[in-house]
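Take the sequence shown: its position 84, counted from the start at 1, is 137 in the working numbering, and no numbers get skipped.
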Amino acid sequence: MIPEKQALIYEGKAKQVYSTTNPDDVIIRYKDDATAFNGIKKSTIANKGLINNEITSLIFEYLAHKGIVTHLIQRLDEREQLCKKVHIIKVEVIIRNVIAGSMAKRLGLKEGMIPPNRIYEMCYKNDEYQDPLINEDHAVAMGIANYEELDRIKKAALKINQYLYEFMDNIGIILVDLKLEFGKDRFGNILLADEISPDTCRFWDKSTQKKLDKDRFRRDLGNIEEAYEEIRDRIKQALRDTTW
Ligand code: TMP
Ligand code: ASP
54 MIPEKQALIY
64 EGKAKQVYST
74 TNPDDVIIRY
84 KDDATAFNGI
94 KKSTIANKGL
104 INNEITSLIF
114 EYLAHKGIVT
124 HLIQRLDERE
134 QLCKKVHIIK
144 VEVIIRNVIA
154 GSMAKRLGLK
164 EGMIPPNRIY
174 EMCYKNDEYQ
184 DPLINEDHAV
194 AMGIANYEEL
204 DRIKKAALKI
214 NQYLYEFMDN
224 IGIILVDLKL
234 EFGKDRFGNI
244 LLADEISPDT
254 CRFWDKSTQK
264 KLDKDRFRRD
274 LGNIEEAYEE
284 IRDRIKQALR
294 DTTW
């Protein structure tokens, strides 16, 4: 039985979280609001919430088939998902397959450079300090998680990156980088949470290198909704053709 939506308990830049009649579940509502540079640039992107809800649901379902434990229970409608209630661990985990964005800028590297390794980064999830880059010792010192939990997060994140990289590669998309968030349920399980969408990944078309993600908004490249739809449609098509 699907629990009923109750009070708004949290509102972030792109989503709202509601309590439900089941204390272990929440309803997450995807908004059309878009921000960049820690909220300095603000706008709305038509239908972004609908598209990101659908993309995240499809990707999380795909990852669940691969054995990844996620917070998603089911997509409820165009804007909402029923999810397990978790405490978000205050780190944003970034994995880079191709150099771009802040790494290119910070280290003076050319965007598009392919490194010989996978690059794993952690940022402290805190807008006031602009989500600064931290390492595991910082995270432990700040009480964000212990070493064993951070190790579990890193292993899961690298697996998720590998699964998604291969999946996107098959539909002609390069997964340049992605940002993941994890949460802990009341039993201490660590689950993949938040979203995986063009807001939180860089997706480049393999043949044209066209950017199909939030960089279109960050860099004023236009046709944002079309780019997000393109990602959604290619993922949908691939999953339609999949027999599990
Ligand atoms: P970056 O190159 O700006 O550090 O971004 C790396 C990846 O993380 C990119 O796919 C976009 C995503 N990201 C978020 O999801 N949220 C953020 O606040 C930032 C800065 C990046
Ligand atoms: N999510 C961040 C913000 O809302 C930054 C970004 O995605 O570029 O400002």
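C-beta atoms are modelled at their ideal positions from N, C-alpha and C, and glycine is treated no differently.
Identify every residue that forms a DSSP beta bridge with residue i.
| i | result |
| --- | --- |
| E114 | The partner list for E114 (beta bridge, DSSP) is empty, contrary to what the question assumes. |
| W257 | I227 and K264 |
| I81 | V70 and Q134 |
| K58 | T73 |
| E64 | Q69 |
| G125 | Reading the sequence as shown, one finds Leu at residue 125 and not Gly. BP columns for L125 point to C136. |
Using beta-carbon positions only, say whether residue i and residue j come within less than 7 Å of one another.
| i | j | result |
| --- | --- | --- |
| V144 | M195 | no |
| E234 | N100 | no |
| P185 | Y173 | no |
| E133 | I55 | no |
| W257 | I288 | no |
| A280 | L292 | no |
| L274 | C254 | no |
| K267 | P251 | yes |
Where does the unbroken alpha helix (DSSP H) through residue i begin, and where does it stop?
| i | result |
| --- | --- |
| A291 | I277 to R293 |
Considering just the uninterrupted stretch of the beta strand (DSSP E) at residue i, what are its terminal residues?
| i | result |
| --- | --- |
| E248 | Segment: none, E248 is in no beta strand (DSSP E) and carries neither H nor E. |
| A99 | Premise fails: A99 is in no beta strand (DSSP E) and is neither H nor E. |
| D86 | D86 to A89 |
*Residue ranges of each alpha helix (DSSP H) run of no fewer than 4 residues wholly in the stretch 140-190, ordered along the chain?*
Listed in chain order, the alpha helix (DSSP H) elements of length 4 or more contained wholly in the stretch 140-190 are 154-160.
*Give a yes or no on contact between the stretch 72-85 and the stretch 136-143, applying the rule of three or more CB pairs nearer than 8 Å.*
Yes: at least three Cβ pairs fall under 8 Å.
*Pick out the complete alpha helix (DSSP H) segments inside the stretch 192-246, 4 residues or longer, and give them in chain order.*
Complete alpha helix (DSSP H) runs here, min 4: 200-223.
*Are the stretch 147-155 and the stretch 207-223 touching, with three or more C-beta to C-beta distances below 8 Å?*
A contact exists between the stretch 147-155 and the stretch 207-223.
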